[in-house]
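A quick write-up on the structure given underneath.
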Amino acid sequence: MRKELLLAASAFVVSVAGSSVAHAQCVLKGTVIDAATNEPLVGVTVALQGTPNKVFTDNDGKFVIKSAKTKCSLQFSSIGFESTTLASNHAGEYDFGFIPMAGASIALKDAVVTTRAVARKTPVALTTLGAVAIEERVGTADLPKVLETTPGVYVMREGGGYGDTKVNMRGFKSENVAVLVNGVSMNDMEWGGVYWSNWAGLTDVASSIQTQRGLGAAKVSTPSVGGSINIVTKTTDARKGGAFSYGMGNDGYNKLAFSLSTGRTADGWALTVMGGKTWGDGYIQGTDFRAWNYFFSLSKELSKNHLLTFTAFGAPQVHNKRSNYDGLTVQGWQEVGKYMRPGEQYLYNATYGYDRYGQIRHSQQNIYHKPQLQLQHLWQIDRTSSLNTVAYLSLGYGGGESGQGTQEYSSGWYGSNNGILATQFRNADGTFAYGKIQEMNAASESGSKMVMSMSKNLHKWVGLVSTYTKEINDRFNLYGGLDLRYYVGTHTNEITDLYDGAYYIDRYRKNVKPENFAGAGTDAFVNKKLSVGDVVQRDYDGFVAQSGVFGQAEYDFNNLTAFVAGSLNNTAQWRKDRFYYDAAHAESEKVNKIGFTVKGGVNYKFPHIDGWGGQHNVFGNIGYISRAPFFSGGVFLASQVSNQVNPDAVNEKIFSGEVGYSYHTAAFTANVNVYHTEWKDKTMAKMTEIPVDGNVERTWINMQGVNSIHEGLEVDLSYKPAKWFSLRGMLSVGNWRWTNNPVGYFYNSAGQPIDKFGHPLDQSQGPDHARMRFNQKDVKEGGSAQLTAGLGFNVYPMEGLRIGLDWKYFSNYYADYAVTANDISLDGVKTFHTPWKVPAYGLVDLSAGYTFQMGGYKTTLSGNIENLLDQEYISQAYDGAGHDWSTANRVFYGFGRQMSVKLKVNF
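Shown next, in the form of structure tokens:
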């Protein structure tokens with residue numbers, strides 16, 4: 001009986017197995033990757049056509065699906081990518097290997113559809129880094145650090161505090177480089193720059209970073225000059241799961257992070273939440289920091305053609321910093337070595353110190369939180385058209401410390417002056433003597449001589465970007481949209497500490513004119529006794545309202561892609577002052593400036609595939625931009641203290657063109673491009689003080705027609721000859737120089753033209769109007785390395801193990817220079833010379849990672865060593881009178897060796 005049961009059971013098992021084989025004749029698997037970055041794509045839908053069977057790719061882009069038939073077709077689909085279909089006629093188990101998916105031109109996709117370009121298709125110079133590359137390279141650095149191997153990009157840490165990074169592109173400074181998150185601009189609406197400390201948390205939520213140099217493909221109404229950096233955040237993941245990580249590094253660096261995702265539910269909901277905390281002592285003396293970051297994304301598929309997504313992210317932080325103005329001379333850095341441990345003189349912070357009670361003090365603390373809320377509606381109207389609308393709200397809270405002083409002590413808080421260490425308040429051990437300030441104030445019978453205030457910068461910013469896409473036929477696509485923004489920034493300065501004094505008299509109150517503020521000029525007004533919480537120096541609102549439209553037509557047929565694009569926008573700017581003006585005079589006039597863009601490009605892929613399986617590709621683009629001047633230093637002569645409009649402010653004009661070539665095989669890619677950009681009518685306004693009839697009066701000089709040329713060559717390449725090895729490299733050679741000798745005209749605080757004695761005139765730019773010439777034609781622009789190169793590789797010696805090495809070289813860095821109050825004189829001439837060329841330097845970074853299973857969970861242990869060889873180098877400098885190393889000032893040395901390690905567990 002037992003034998004019969006055993007035979008029956010065996011027969012049952014065999015029949016079930018046979019049935020299983022009959023119904024699953026093949027097992028198909030593979031890895032889906034982004035065609036632009038070669039990185040794995042998570043959550044791609046893999047469907048077996050003609051059946052209800054489907055699976056999703058995992059965190060490594062891998063999938064496994066079974067088919068009852070050997071002959072079948074698999075369809076791969078993901079929001080933001082073109083669908084791909086693969087046919088199979090394989091029995092048993094078959095691995096497709098890597099399956100690339102190209103970015104879609106028309107799809108239900110994130111807001112990046114308005115900004116992202118496609119490699120070897122869009123006629124612009126671009127570089128894309130995926131989430132894996134970002135995580136591998138960033139270590140303890142700020143997010144822009146990963147862009148150092150991008151041609152034409154120069155990254156500076158300035159004073160060295162947490163998030164105190166600046167990015168220049170093709171020689172253009174940060175205010176001329178657009179930074180977008182999911183297609184929404186992050187650049188300050190008043191001066192154009194970006195404070196990366198506000199966005200430090202984006203490292204953990206970025207799925208990719210794409211840099212578009214030059215004109216770019218961004219479909220917004222106000223493009224940039226140097227290029228754009230588009231950060232794409234992670235969306236609501238299609239797969240259920242999460243991750244937890246902990247990292248640590250030198251100087252007390254710690255980082256905790258987590259992520260959770262529900263995956264897509266049956267009724268179309270998906271939720272992703274991420275959060276983290278970072279804290280440490282800082283590499284530079286006295287630059288401790290605490291930072292948090294959060295990311296929340298909730299999406300709902302309302303129907304087959306409608307997707308609604310709400311996203312919120314932010315990165316509140318508190319960090320102490322070293323002033324950007326406290327770089328010393330080269331000799332000065334050697335001298336402060338006596339205050340530091342051997343080899344650590346470049347970590348010295350001139351404003352780090354103690355008060356008379358033994359408490360650590362600082363004068364450069366920054367506190368800020370800038371949350372961003374986005375609501376996105378994606379509507380696939382029909383097979384050939386879609387509408388993508390993003391409404392967003394940004395709220396800014398915080399500010400930075402700002403030391404105040406009477407006229408006698410107006411520079412008392414400075415750690416240095418033009419590169420020379422300040423000694424007025426300096427202890428014998430080199431620390432800043434905050435205790436001496438307290439003692440001075442306590443002994444004073446006329447109130448505090450020096451106090452600390454918080455320069456607050458609050459803002460409310462709302463906007464909407466809506467893009468309509470229409471596929472006319474299989475060759476023509478049309479895009480059109482709206483770009484609306486409204487911004488108000490509140491800027492005030494409040495006393496936070498009297499430093500043991502009884503009260504404070506603000507020296508700026510004497511600058512308030514009676515004709516602008518009733519009661520000003522009296523002794524009671526000028527010498528008002530102020531305390532903690534009272535406002536000093538400034539209190540105003542800056543308003544910027546932009547409304548624009550943009551459009552683009554694309555032609556794509558066979559091997560030819562071309563586009564023509566244009567935009568038109570109006571920028572309205574005005575201010576409302578509560579410090580220098582009373583309520584009756586508070587609001588300035590409203591200045592409206594019309595700007596526009598016209599650009600076009602062509603890309604051609606040669607149909608012939610050569611003997612190595614390679615394809616040749618050429619592209620070219622050309623464009624013209626007319627851009628409204630910025631609120632600060634442009635539309636207003638002195639935007640922090642005066643409603644006076646700059647009478648000579650005109651639109652900046654930018655002409656740019658470039659041509660490029662690329663060669664692409666399955667293993668090798670090379671891109672070469674040359675560019676030429678002409679920048680004309682750059683507006684620059686500076687304030688100074690001059691004697692007028694025995695009194696010191698504020699005046700402004702408005703420099704007109706400042707022109708420059710930026711041109712250069714860029715090369716990047718990648719080579720993957722084997723699965724276990726990949727090579728990458730880049731070269732960028734620039735020639736950036738000023739091309740004319742501009743003239744600046746002087747105006748008084750009322751905005752009136754003045755003569756060489758400071759007396760007002762009736763006629764602007766007449767023969768008696770005081771002016772100054774700046775001789776700078778053919779002088780090299782400073783502040784960025786005009787020659788950069790890089791070479792790196794990754795090795796995968798065994799399953800799960802990666803070792804990467806990057807060498808970066810920076811040369812032809814000319815010291816920066818700027819027009820200062822000391823340079824300005826009525827009817828004078830300032831002649832600039834070629835600035836000091838900072839010594840070239842090379843850096844080596846090492847990274848490694850090992851992925852393994854720990855308790856059934858995918859686990860990655862990774863580490864980074866930045867500046868592996870501990871190279872000593874100068875990363876930033878300003879030119880001095882002798883145009884050499886001995887007179888250069890505001891010099892900062894780069895960071896030495898930095899190390900970090902991280903453990904990440906996925907579940």
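In case it helps, our numbering puts the sequence shown at residues 1 to 907. Cβ atoms here follow ideal geometry from the backbone N, Cα and C, with glycine treated the same way.
- With three or more CB-CB distances shorter than 8 Å, the stretch 165-172 counts as touching the stretch 194-213.
- Per DSSP, Q331 is one residue of the alpha helix (DSSP H) stretching across V330 to E335.
- Only exposed fits R897, as fewer than 16 other CB atoms lie within 10 angstroms of its CB.
- Per the C-alpha coordinates, the member of L761, K780 and L843 positioned closest to L791 is L843.
- V526: not part of any beta strand (DSSP E); member of the alpha helix (DSSP H) spanning D523 to V526, first to last residue.
- A distance below 8 Å separates the beta carbons of D681 and G705.
- Within the stretch 638-667, the complete beta strand (DSSP E) segments of 3 residues or longer fall at 652-664, listed in chain order.
- Contact between the stretch 435-448 and the stretch 383-401 is not established, with fewer than three Cβ pairs separated by less than 8 Å.
- The continuous alpha helix (DSSP H) containing I134 extends over residues A131 to V138.
- Ranked by how close their Cα comes to the Cα of N366, the residues W379, A291 and V146 have A291 in first place.
- Annotated three-state conformation of T127 is strand, per DSSP.
- Rounded to the nearest whole angstrom, the C-alpha separation of G548 and G412 is 46 Å.
- Under DSSP, the beta-bridge partners assigned to S416 are L421.
- For T203, the enclosing alpha helix (DSSP H) has its first and last residue at L202 to V205.
- Rounded to the nearest angstrom, the Cβ distance from A35 to I134 is 18 Å, too far for a contact under 8 Å.
- Per DSSP, reduced to three states, the secondary structure at T149 is helical.
- Ranking I874, Y857, R890 and Y354 by CA distance to the CA of N906 puts Y857 first.
- In the three-state scheme derived from DSSP, where H, G and I count as helix and E and B as strand, K460 is classed as strand.
- With contacts defined as CB atoms closer than 8 Å, M189 and V462 fail to qualify as a contacting pair.
- The three-state reading of DSSP puts D823 in helix, counting H, G and I together.
- Segment contact: the stretch 255-273 against the stretch 173-181, fewer than three CB-CB distances shorter than 8 Å; contact not assigned.
- Burial check for T859: the Cβ neighbour count within 10 Å reaches 16 or more, so the residue is buried.
- In the DSSP assignment, the residues bridged to Y809 are A789 and G842.
- DSSP, reduced to helix, strand and coil, places L498 outside both helices and strands of the structure shown, so it counts as coil.
- In this structure, DSSP gives G600 an extended state, which the three-state scheme calls strand.
- In the structure shown, the three-state DSSP call for G435 is helix.
- Counting of Cβ neighbours within 10 angstroms places I865 among the buried residues, the total reaching 16 or more.
- About 5 Å separates the CB atoms of Q372 and S394; that is less than 8 Å, so the two are in contact.
- Judged by DSSP secondary structure, L302 falls within the beta strand (DSSP E) whose first and last residues are F289 to S303.
- Inter-segment contact for the stretch 558-572 and the stretch 527-538 is absent: fewer than three beta-carbon pairs are separated by less than 8 Å.
- Annotation for V488: K460, D541 and F543 place their beta carbon closer than 6 Å to its own, counting only its chain and skipping 5 residues before and after.
- The stretch 820-838 makes no contact with the stretch 797-806: fewer than 3 CB pairs, one atom from each, lie closer than 8 Å.
- V674 is bridged by DSSP to V659 and L713.
- Counting C-beta pairs closer than 8 Å gives fewer than three between the stretch 687-695 and the stretch 646-664, which falls short of the contact rule.
- A Cβ-Cβ separation of about 6 Å places G276 in contact with L256 under the 8 Å criterion.
- Taking the C-beta atoms as reference points, T203 is found no nearer than 8 Å to I229.
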